[in-house]
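For the sequence shown, numbering that gives the first Met the number 0 gives the first residue as 0, with consecutive numbering after it.
In what follows, a single structure is set out as structure tokens and then discussed.
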Amino acid sequence: MKHDHSSFTAQTTAKRAYGTDATARIAQFMPMVRKLAWYYESSCGGSLDVDDLQQAGLIALTECAQRHDRPNDDGFAAYAKMRVRGAMIDLLRSQSNLARGAAALGRRIERMADELRSELKREPSPKELARALGLSLDELHEARLQLSTSTHSIDDMYSDSDAAFSSEEPDAEANLLQDEDREELIHAIAALPERLQLVIKLHFVEELNLTEIAAILDISVPRVHQLKSSALDKLRLKIAGEQTD
């Protein structure tokens, strides 16, 4: 679910208010914002879009840059990280409350649908289901829409709108990323274990290097390299198998 922050453009506000010092700080600490956003996005199981987390973090970082006007103060890094983490956690908490309510309504809808199927010996119409639930048709439609968009599938993460799988390296990685293989690639990624999916996403979508990924996952750089190699091997085998079927 996207949030509209059009009324507040953090980078523009910081630039106008504090000039070079603030914008330099924002640029310097944006990698930290991205790392935290990916960390919390993976921790919440994809129930919140990473862009929303990054936006919340960017707003918090900009406010820090505006208020903390001592350019040589070493305490800024810790202060900014605390504020950015707090903003993301607040957003996760608010979404968690909404998700619990949506999940409860979803269970109620399914239970009522099962009861009506048993009673009517057929699939209930939306009108019948809404009436049994005490909802209007619009309310039932909205509830189902919220449930269907509460999580993000792997297809959403790797859609054609993402400049995700681009590599200038003329090696096996580039061979995997040809446009004509996109559908096979999407299915192959979806079949990977969750941890390997995350490594692929961080490296190719977010364009983080192995050191940055290691920091996010709290593992060694060699281990990230192993995971990346394993993921690419599995993708090659999966795609090759589908092409020979």
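The beta carbon of each residue, even a glycine, is placed where N, CA and C say it ideally should be.
Beta-carbon proximity of residue i to residue j, cut-off 8 Å
i	j	result
V198	K227	yes
A59	A21	no
L125	L115	The sequence shown places Pro at residue 125, not Leu. Cβ distance not < 8 Å, so P125 and L115 don't count as in contact.
V49	A64	no
L139	A129	yes
L191	A239	no
L91	Y38	no
E193	P30	no
F28	A79	yes
V204	A213	no
L104	A131	no
I215	K34	yes
L195	L201	no
I25	T61	yes
L209	H186	no
L47	Q94	yes
Review point. Is there contact here, the stretch 73-84 with the stretch 46-65, by at least three beta-carbon pairs under 8 Å?
Key: yes
**Study point:** Length-filtered (3 minimum) beta strand (DSSP E) runs lying within the stretch 92-141
**Key:** none
Practice item. Kindly provide the ranges of any beta strand (DSSP E) runs that are 3 or more residues long and lie completely inside the stretch 191-222, ordered along the chain. Key: none
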